[in-house]
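Using the working numbering, you'd call the opening residue of the sequence shown number -9 and step up by one each time. Glycine residues also receive a C-beta, built at the ideal position from the N, C-alpha and C atoms.
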Amino acid sequence: MRYLLAILLSAAILGSLFTSCENTPQSTSSNTTPSAVPLDTSYFLKKGGEIAALSFQALSTELKQALQRGGVAEAVQYCQLKAYPIVDSLSHIHQARIRRTTLKVRNPKDTPDEVEANILKRMQQQKAQGLMPQPVVQRITPDTVLFAAPILTQPLCLKCHGTVGKEIDPNDYALIQKHYPNDQATGYKAGDLRGMWSIRIYSPSN
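Written as structure tokens, this is what we have:
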């Protein structure tokens, strides 16, 4: 389990290459409950952490292979064509809605909703204060619990999310812009908050 949560808090799923890029500090949680039923935060921290870690493993294995085969060009193709179907399949297996979201979007599909945006802003404030953003557990409907965990930028992520002309080759960025003309997801440094896992877990309230 220590390995699973370690992945969550430091590896940006290369997640950063899709959200599109984890040593474990103590987990904290936040819960607002529109239900009278107490929220078992420890259960959802564990379950959400396991789902995110398994998703990370599945996606990162494919991504690394794509980078080895064809560099950024093939990685972009993988992110656009294969990453989302993999996440959809994992969502079905785990009976959850799994996604990665960010305040600086590359793929419009990753745009946060209001709840996600508020959590991302709090995580961003924590990072600005020199703190490690912590996983969040929050009941958002009587039947649904949201697990959110930070995605941090790793050195490998900078190939697609660093500074153009520095970590990002201009030719590679031209290709990225061809697929994502409204891209906002550059200018990151290693350790920056890239985004977060957003996992909605079905939880009957009665």
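For residue i, the nearest candidate out of the options (CA to CA)
{"i": "G185", "options": "V154, N97 and L80", "result": "N97"}
{"i": "K36", "options": "C69, E106 and V126", "result": "V126"}
{"i": "Q119", "options": "A42, S188, L183 and L80", "result": "L183"}
{"i": "L142", "options": "V77, M113, L29 and Q174", "result": "M113"}
{"i": "S45", "options": "A73, V154 and D30", "result": "A73"}
{"i": "G38", "options": "C69, Q124 and P28", "result": "Q124"}
{"i": "Q116", "options": "P102, T134 and P140", "result": "P140"}
{"i": "W187", "options": "P102, Q55 and E52", "result": "P102"}
{"i": "V62", "options": "V77, I166 and T134", "result": "I166"}
{"i": "E64", "options": "I41, Y163 and T176", "result": "Y163"}
{"i": "S79", "options": "L53, I41 and L57", "result": "I41"}
{"i": "L146", "options": "L53, P28 and L29", "result": "L53"}
{"i": "L29", "options": "Q144, I130 and G155", "result": "I130"}
{"i": "S193", "options": "A138, P132 and Q144", "result": "P132"}
Status (buried if at least 16 other CB within 10 Å, exposed otherwise) for residue i
{"i": "K149", "result": "buried"}
{"i": "E104", "result": "exposed"}
{"i": "N13", "result": "The predicted position of N13 is uncertain, since its pLDDT is 32 and thus under 50; no value can be drawn from it."}
{"i": "R59", "result": "exposed"}
{"i": "D100", "result": "buried"}
{"i": "T92", "result": "buried"}
{"i": "Y33", "result": "exposed"}
{"i": "A26", "result": "Residue placement at A26 cannot be trusted, given a pLDDT of 48 that sits under 50; the coordinates are not used to answer."}
{"i": "G181", "result": "exposed"}
{"i": "K179", "result": "exposed"}
{"i": "T153", "result": "exposed"}
{"i": "S50", "result": "buried"}
{"i": "Q47", "result": "exposed"}
{"i": "Q55", "result": "exposed"}
{"i": "T31", "result": "buried"}
{"i": "I(-3)", "result": "With a pLDDT of 40 at I(-3), under the threshold of 50, the modelled position of this residue cannot be trusted; read the value that follows with caution. Result: buried."}
Pair within 7 Å by beta-carbon distance, residue i and residue j
{"i": "V95", "j": "Q174", "result": "yes"}
{"i": "I191", "j": "I88", "result": "no"}
{"i": "L136", "j": "Q128", "result": "yes"}
{"i": "H151", "j": "T134", "result": "no"}
Any non-hydrogen atom of the ligand ATP closer than 6 Å to residue i Cβ
{"i": "L165", "result": "For the ligand ATP, the structure offers nothing, since it holds no ligand at all."}
Exercise. Using 8 Å as the threshold, is the stretch 109 to 120 in touch with the stretch 160 to 174, meaning 3 or more CB pairs across them?
Worked result: no
For this session: Check whether the stretch 76 to 92 touches the stretch 158 to 168, taking contact to mean three or more Cβ pairs, one atom from each stretch, closer than 8 Å.
Result: No contact exists between the stretch 76 to 92 and the stretch 158 to 168.
Problem set entry | Sequence ranges, alpha helix (DSSP H) only - wholly within the stretch 72 to 141, length at least 4 | 73 to 84 and 104 to 118
Exercise. Can you give, in chain order, each stretch of the beta strand (DSSP E) that sits fully within the stretch 133 to 185 and has at least 3 residues?
Worked result: 134 to 142
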